[in-house]
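Below is one structure, written out as structure tokens, with a few remarks after it.
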Amino acid sequence: MFRLEELIEAIFTKVPPVYLIVGSTILFLFMGTLAFIVRTKAAKKPISPKRIILPPLFMSSGALMFLFKEFRVPPLQVLEAATVGMIFSVILIKTTNFERKDGDIYVKRSKAFLFILLGLLVLRLVAKLILSNSIDVGELGGMFWILAFGMIVPWRIGMLIKYKKIKKEEGIHE
Numbered sequence: 018m019f020r021l022e023e024l025i026e027a028i029f030t031k032v033p034p035v036y037l038i039v040g041s042t043i044l045f046l047f048m049g050t051l052a053f054i055v056r057t058k059a060a061k062k063p064i065s066p067k068r069i070i071l072p073p074l075f076m077s078s079g080a081l082m083f084l085f086k087e088f089r090v091p092p093l094q095v096l097e098a099a100t101v102g103m104i105f106s107v108i109l110i111k112t113t114n115f116e117r118k119d120g121d122i123y124v125k126r127s128k129a130f131l132f133i134l135l136g137l138l139v140l141r142l143v144a145k146l147i148l149s150n151s152i153d154v155g156e157l158g159g160m161f162w163i164l165a166f167g168m169i170v171p172w173r174i175g176m177l178i179k180y181k182k183i184k185k186e187e188g189i190h191e
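Okay, so the sequence shown: first residue is 18 according to my numbering, each after it adds one.
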């Protein structure tokens, strides 16, 4: 029986790195577009603590990649990626606001969001292309997952704080 670990090792040893970089870049652009579409549709529905907390919980399953040696990241690079993610989260925290409509709380549409998302996507793509010359593709994938997780967790915590503040101001408790 073929094990997953053997499959991953075979991919990383037999497929030329340039194909892995191009393939992951195409997948990344697709996922970025999908994130924008999902975010646009989500803005049409009322926000709740559950809708704020669930995305980082779902994303946390991606940490399973670190079970495989190809994705493991040295401690200093973990710190670097997490720090960059937290810095990027400040932009998202500052630009994510809420508004009251029809007795519910919604994420306020921000024209800046598209530009921020595109900017982060382009910055990530450029960094990936530059770093792929000196860092293995799997390790780089792990670093970018850490960066993304380091960005989404503080952002969602900030959203939850803002949400609870609005609820508290209105004297509404959940």
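Note that CB positions come from ideal geometry on N, CA and C, so glycine has one too.
Because the structure is a prediction, the values reported are computed rather than measured.
DSSP places residue 124 in the uninterrupted beta strand (DSSP E) bounded by 121 to 124. With a beta-carbon spacing of about 6 Å, residue 180 and residue 64 fall inside the 8 Å limit used to define contacts. With contacts defined by Cβ atoms closer than 8 Å, residue 155 and residue 97 do not form a contacting pair. In this structure, DSSP gives residue 128 a helical state, which the three-state scheme calls helix. With respect to residue 176, residue 113 sits close: the two C-beta atoms are nearer than 8 Å. In the three-state DSSP reduction, residue 187 falls in the coil class, being neither helix nor strand. Straight across, the Cα-Cα distance linking residue 174 with residue 70 is about 8 Å. In terms of Cα proximity to residue 91, the closest of 22, 53, 152 and 167 is 152.
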